[in-house]
Structure formats: C-alpha cells, structure tokens
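*Asks:* Shown below is the structure under consideration.
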Amino acid sequence: MHTIYTPSDDEIIQQPELDDFPLTQRYSLAVRGFYIIYAYPLLTRFPRAFPRLLGFAFNWGLIGALSLQVYIYYTTFKKDRAVFKALVYGTFLLDWVQTISATYDASQWFAFDWGQPDQLDLLHTSFLNVPLLTSLIGAIVQIFFGWRIWTISKSTAIFGSIILMALLQLAAAAVDAHYLMIAPRESYSSAALSKSVGIRLGTSAVVDILIAACMTFYLLKNRSEFAFHTNTVITKLIRITVETGIITATAAIAELVFFLSMHNNSLHQLSGVNLAKLYTNSLMMLFNNRAELQRDWDSVEATEVRLERTNVSARTQVDVESSAISVAVFQTTTVKSDYPGS
C-alpha cells in the first residue's frame, strides 16, 4: 500500500509575489515574458510572415504621418518656391506608389495565398518597393540635404561626394532589383546580390552620417557669437538634422545586418519596406519646422530693432541737451535662413 507524502507548512517554499521585485526587475520580467509567450513563437513558426506584417502596419502608419505633414506644408507654405513644391509633392507621390506596391505584396501573402506557407517565399513586386523606390527617394532627399550643406559652406567637394554616393546607392539598388526580378524568392541568395545590397545600404548609411556631421559642423562654425536667440535657433537646426540622420542611418544599418545574418526570417523587410517613409518624413520635418524657426528669426530681429531704438532715444536726449548736431551710425546683423526665397 502506497502513501502519498504531503509536505508540512514549514517545508513549503513560499514563491515571491510580483510586488516583491524592484520596478526595473518587474519590467524586465514582463518583457521577457512577452518575448517567450508571443514574440518567440511568431518568429519561429512564422519567420517570414510576422516581420512582414509588422512592416506593412508601420508602413501605413508612416504614410499617414507623411500625409499630415504634406497637408501642413500645403496650408503653411502656399507661396514656397516651385522647386520646393515639386520636391515635396514628387516624393509624396513616389511614397504612395511604394505603399501601393507593398500593399499588393501583402494582399498576395495574407489574403489570396492564405494557408500556403510556401507562397511566402515569393517576393512579387518587392523589387520595386524595397530597393528601387526606396533608393530613389533616399537619393533625392540626400542630394537636397547636400545642397543645403553647399548653401552654408560653399564646399563643392562635400556636395559632389554626397551626389556621387547617392547615385552609387541608386545604381546598387538597380542591381538588387535586377536579381530580384530574375529570381523573385526570399530563399534566393548569391554573393553578387549580397554585395550589391551591402553597397546600397552601406553607402546610404554613410551618406546620412556624413550629412548629419557636416550640417552640425558648419552650423556651429557659422553661428553668431552675439545673439543668444540666434544660437538657440541654430541649436534647433542641429538637433533636427542629427536626429533625422541617425534615424535613417540606423534603419539602413539594421536592414543590412538582418539581411546578411538572418536572411531567411524576413526581419530585414521590417526596416527595408519603411526606409523610404523615414527619408520623406525627415524631409518634411525640416520643411515644416521653418515656420517655428522663422518665428525665432523674427524674435531675434525684433530684439535688435528694440535695442536700436533705445540707443536712438538716448543719443537724441544728449544731443538736445548739448544743442549740437551729431550723426549716429548703427551696425545691424541680419540673420538669414538657409532656404533662400522661403
């Protein structure tokens, strides 16, 4: 006859409650639990479907943010230069073409071919929306930033280098698209394709970092030493430039790392399908921030005018008391935007 052993209360080990852990450890446990319960099964069972699904969700979110940015631009800068309007609306149109192409791919994977996991290997029009349109939009935005650097530095060498590298990553994108048209499958791999992807994404990241570094250097070099508000405006420009450059460069590097190290799980498409939207949203951030920056410029000019008038009043009083005629010469500093005609 077998007896069942029942431990006494003293032998039972009390499990700690969640409230007994520090706050940081609770967050760590929550993140680990989410990964084990939700993320890991999705990445292992659906290594191609889940990253693409997230990528398309972010893509539509970013095109929504971009549409709002373009609407703000339309209502705020109606008298902007024609070339700026062509740049904004042209890249906006290209981004919508990219989103439509990506949505077509998503409909094939998650609707028409639902229940057929082998169909996830097909890339459909990915040759268009990932390498070609992304690099075309990226090259346009990078060349525009290069022009901005040229307007404040007059450095033809830097501007020329940015143009050459932007065109190089665009040429590499054409090579990528060629291979994806010949063999439109996720499982397809070749040394030539890996090399062209490396050139495209590596060059793109280098250009973004170069733009951020040069803009920061020349803005710091040319900022006024006399007006505190002017320095504040330039600091805002530097912050915007560095932030946008870091975001796009990080996305390009992440796509390259995921493509080369984890090619079969589609993680590279999470950033790859959204890189174009990051470029265009960064461009629109700079365009639309001109309204706020212009208010800061006006504040600087208004301060200078008030100081000048105060000096005039003081000198006039002295002149009247001394019954003498004098001529006062004032030197003013004009702060100009790096967007001529805006």
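Residues 1 to 342 in the UniProt record's numbering are what the sequence shown spells out, letter by letter. C-beta: ideal position from N, C-alpha, C; glycine also. Just so it is clear, the structure is predicted and the values come from calculations on it, not from any experiment.
#1: Here's the rule: buried if 16 or more other CB atoms are within 10 angstroms of the residue's CB, otherwise exposed. What is L293?
#2: For a minimum of 4 consecutive residues, which ranges assigned as the alpha helix (DSSP H) are wholly contained in the stretch 210–292?
#3: Can you tell me where the alpha helix (DSSP H) holding H124 begins and where it ends?
#4: Mark F34 as exposed unless 16 or more other C-beta atoms lie within 10 angstroms of its C-beta, in which case mark it buried.
#5: With a 10 Å radius around its C-beta and 16 neighbouring C-beta atoms as the bar for buried, classify T280 as buried or exposed.
#6: When DSSP labels each residue in this structure, what does R185 get in the three-state scheme?
#7: How big is the Cα-Cα spacing for I149 and G202?
#8: Out of D118, T241, V206, which has the shortest C-alpha to C-alpha gap to L219?
#9: For R185 and D118, which I take to be in contact (beta-carbon distance under 8 Å), what is that distance rounded to the nearest angstrom?
#10: Closer than 7 Å by C-beta to residue 351: which residues in its own chain qualify, once you throw out the five before and the five after it? Chain order, please.
#11: Within its chain, find whatever has a CB closer than 7 Å to the CB of N265; leave out the 5 residues flanking it on each side and keep chain order.
#12: Please report the straight-line C-alpha distance between C214 and N59, rounded to a whole angstrom.
#13: So, are the CB atoms of R211 and Q142 less than 8 Å apart?
#14: To the nearest angstrom, how far is it from the Cα of residue 348 to the Cα of R26?
#15: Looking at C-alpha atoms only, which residue of L132, I36, L237, F112 is the closest neighbour of L286?
#16: How far does the alpha helix (DSSP H) with W114 in it extend, from its first residue to its last?
#17: Taking only three categories from DSSP, how would you classify K78?
#18: Identify whether T334 lies in helix, strand or coil by the three-state DSSP scheme.
*Replies:* Looking at the coordinates:
#1: The residue labelled residue 293 in the question sits at position 293 within the sequence shown. Label assigned to L293: buried.
#2: 228–261, 268–272, 275–288
#3: Here residue 124 corresponds to residue number 124 of the sequence shown, with the count starting at 1. Where H124 is concerned, there is no enclosing alpha helix (DSSP H), given that its DSSP letter is neither H nor E.
#4: On the sequence shown, residue 34 is found 34 positions in, with the first residue counted as 1. F34 is exposed by the Cβ-count criterion.
#5: To locate residue 280, count along the sequence shown from 1; it is residue 280. Counting Cβ neighbours within 10 Å, T280 comes out buried, since at least 16 surround it.
#6: Walking along the sequence shown from the start, residue 185 turns up at place 185. Three-state DSSP puts R185 in a strand.
#7: Taking the first residue of the sequence shown as position 1, residue 149 is located at position 149. Taking the first residue of the sequence shown as position 1, residue 202 is located at position 202. C-alpha separation (whole angstroms): 21 Å.
#8: Here residue 219 corresponds to residue number 219 of the sequence shown, with the count starting at 1. Here the closest residue by C-alpha is T241.
#9: As a working note, residue 185 is residue 185 in the sequence shown. As a working note, residue 118 is residue 118 in the sequence shown. Rounded, the Cβ-Cβ distance is 10 Å, inconsistent with contact.
#10: As shown, the chain starts at 1 and ends at 342. That puts residue 351 outside it, with no answer to give.
#11: For this step, residue 265 is matched to residue 265 along the sequence shown. The answer, listed in chain order, is L43, P47, R48, P51.
#12: As a position in the sequence shown, residue 214 is number 214, starting the count at 1. As a position in the sequence shown, residue 59 is number 59, starting the count at 1. Roughly 30 Å separates the two Cα atoms.
#13: Taking the sequence shown and counting its residues from 1, the one referred to as residue 211 is at position 211. Taking the sequence shown and counting its residues from 1, the one referred to as residue 142 is at position 142. Rather than Arg, the amino acid found at residue 211 in this sequence is Ile. Taking 8 Å as the Cβ cut-off, I211 and Q142 qualify as a contacting pair.
#14: The displayed coordinates of the chain run from 1 to 342. Any statement about residue 348 would go beyond what the structure contains.
#15: Residue mapping note: residue 286 aligns to position 286 of the sequence shown, counting from 1. Comparing Cα-Cα distances from L286 to each of L132, I36, L237, F112, the minimum goes to L237.
#16: For the purposes of this step, residue 114 is taken as residue 114 along the sequence shown, with counting starting at 1. Premise fails: W114 is in no alpha helix (DSSP H) and is neither H nor E.
#17: For the purposes of this step, residue 78 is taken as residue 78 along the sequence shown, with counting starting at 1. In the structure shown, K78 adopts coil according to DSSP, grouped into three states.
#18: The residue labelled residue 334 in the question sits at position 334 within the sequence shown. Its pLDDT being 43, under 50, T334 is placed unreliably by the model, and the measurement read from it follows with that caveat. Reduced to three states, the DSSP call for T334 is coil.
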